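Asks: In the UniProt record's numbering, the protein residues as written are 1 to 168.
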């Protein structure tokens, strides 16, 4: 209710925020001294889902668990956090994505299996555009193993004859 700055996402969603929180938690959202943005709506290039998540990191509250965020949205959050220098979101993304990249880069399939199945949500295009060559190769191998397992299971299902039931 007492918000003093409004942002618009690229898909038209408005976010009313408190400039004091923005100034305390980020570099990229701090308006120059002596300016008033109370009436003005600031358009941003990020979509509403990304900004909804990002803006949760500017208030003192329990933050979303990054393990529950799909990888594509986490990647967008990481980009926005870096762009606007939202410190807490930067750290959360760094830790979460760092553990995934470490597991991918060094072939720790067990670590990936335990905590990084979200990486399977990544499209091949996003992986190619986002990952370093070493990580992309490791991710491709991990992804291929899951696809091979999936294909094997589909073949088992198709090859299994239907059960017939007879009345006694």
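Idealized CB from N, CA, C, for every residue including glycine. If you're wondering where the values come from, they're calculated on a predicted model, not measured in any experiment.
Kindly indicate which three-state DSSP category residue 141 falls into: helix, strand or coil?
Replies: One-based indexing of the chain shown puts residue 141 at position 141. In the structure shown, residue 141 sits in a helix (DSSP, three-state: H, G or I).
Asks: Residue 76 and residue 50 look like a contact to me (Cβ under 8 Å); what is the Cβ gap, rounded to whole Å?
Replies: As a working note, residue 76 is residue 76 in the chain shown. As a working note, residue 50 is residue 50 in the chain shown. 4 Å between Cβ atoms; contact.
Asks: So, is residue 58 buried or exposed, given that buried needs 16 or more other C-beta atoms within 10 angstroms?
Replies: Within the chain shown, numbered from 1, the residue matching residue 58 stands at position 58. Looking at its Cβ environment, which holds 16 or more other Cβ atoms inside 10 Å, residue 58 is buried.
Asks: On the criterion of 16 or more Cβ atoms from any shown chain inside 10 Å, does residue 54 qualify as buried, or is it exposed?
Replies: Within the chain shown, the letter at position 54 stands for residue 54. With 16 or more other Cβ atoms within 10 Å, it is buried.
Asks: Could you give the DSSP three-state label for residue 6: helix, strand or coil?
Replies: Position 6 of the chain shown, counted from the first residue, corresponds to residue 6. Three-state DSSP puts residue 6 in a strand.
Asks: With a Cβ-Cβ cutoff of 9 Å, do residue 65 and residue 9 count as a contact?
Replies: If you number the chain shown from 1, residue 65 lands on position 65. If you number the chain shown from 1, residue 9 lands on position 9. No, the pair does not count as a contact, with Cβ atoms beyond the cut-off.
Asks: Whose CA, out of 44, 20, 3, lies closest to the CA of residue 11?
Replies: Position 11 of the chain shown, counting from 1, holds the residue named residue 11. It is 44 whose Cα lies nearest to the Cα of residue 11.
Asks: Go ahead and pull the three-state DSSP assignment for residue 15.
Replies: Numbered from its first residue, the chain shown carries residue 15 at position 15. Of the three classes helix, strand and coil, the one that applies to residue 15 here is strand, per DSSP.
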